[in-house]
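A short write-up of the structure that comes next.
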Amino acid sequence: MTDGTMETIDGRPALRFERTLAHSVERVWRAVSVPAELERWFPAATNWTPATGETFEAAGATGEVTEVDPPHRLAWTYAGELYSFDLTAHGDGCRLIFTHVINDRGLAAQTAAGWESYLSRLEPHLAGEYLSEEQAHESWEEIHERYAERFGVDPTPGRRFAADLRSDRS
């Protein structure tokens, strides 16, 4: 499965992404928990241990690690939203489930398109390759439109976001 889904967790909208990866749980754990690895594919890598109760700063907001069960679960809050990685063995590889509990359902398509783009960088990273953020986001607008339709949300905020990015690059 490569497409994200929207669920409800504790009455809030949650985006869920599942990936089956051809790498061990331990290898994927390093990719999701070690700062030097995160910075190769994740949007807001931070310098954390991570340890339960640890706070961190990233992109002007504060986060807190809420749960660590190596190499299976890592959860944190950041800017008032909840995030987690859950890893389980799957055949010779690993099943990764990434969940982001969001505050604004209206931004679900925009947020899901961003996460799908970032998660597309993980497999190349695990294989020792590099996919740039720019390359990963090349089809962001198409992905966004698909999520807006699937989730039944107004695509206008995401379209404005994409237009602003295009004008910033000009």
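In case it helps, the working numbering puts the sequence shown at residues 166 to 335.
Just so you know, even glycine gets a beta-carbon here, dropped at the ideal spot from N, CA and C.
C-alpha gap between residue i and residue j, whole angstroms
i, j, result
"Trp194", "Ala244", "23 angstroms"
"Leu287", "Arg238", "17 angstroms"
"Met171", "Tyr295", "29 angstroms"
"Pro200", "Asn212", "6 angstroms"
"Phe221", "Asp319", "33 angstroms"
"Thr253", "Ser198", "15 angstroms"
"Ser249", "Trp206", "16 angstroms"
"Asp168", "Ala328", "23 angstroms"
"Glu298", "Glu204", "11 angstroms"
"Leu330", "Ala179", "25 angstroms"
"His188", "Gly293", "12 angstroms"
"Asp175", "Arg181", "14 angstroms"
"Met166", "Glu183", "For Met166, the pLDDT reaches just 39, beneath the cut-off of 50, and the residue's location in the model is therefore unreliable, leaving the point undetermined."
"Gly317", "Thr231", "31 angstroms"
"Val233", "Thr217", "6 angstroms"
"Tyr283", "Ala301", "7 angstroms"
DSSP state of residue i mapped onto helix, strand, coil
i, result
"Leu180", "strand"
"Trp241", "strand"
"Thr321", "helix"
"Phe221", "strand"
"Ala274", "helix"
"Tyr283", "helix"
"Phe144", "Residue 144 is absent from the structure shown; the chain starts at 166 and stops at 335."
"Val266", "strand"
"Val233", "strand"
"Met166", "Confidence at Met166 is low in this model, with a pLDDT of 39, below 50, so the placement of that residue is unreliable and no value is reported for it."
"Arg195", "helix"
For residue i, the nearest candidate out of the options (CA to CA)
i, options, result
"Asn336", "Arg177, Thr170, Glu183, Asp168", "Nothing can be reported for residue 336: it is not among the residues displayed for the chain, which extend from 166 to 335."
"Gly323", "Ala277, Leu284, Gly293", "Ala277"
"Thr264", "Ala224, His255, Leu247", "Leu247"
"Thr111", "Asp251, Gly225, Ala301", "It is not possible to answer for residue 111, since the shown part of the chain is limited to 166 through 335."
"Trp280", "Ala292, Glu229, Val233, Ser304", "Ser304"
"Ala196", "Ala301, Val266, Glu232, Leu291", "Leu291"
### Task
Could you tell me whether the region 300-314 touches the region 261-275, using the rule of 3 or more Cβ pairs below 8 angstroms?
yes
**Asked** Are three or more beta carbon pairs between the region 176-192 and the region 259-266 nearer than 8 angstroms?
**Response** yes
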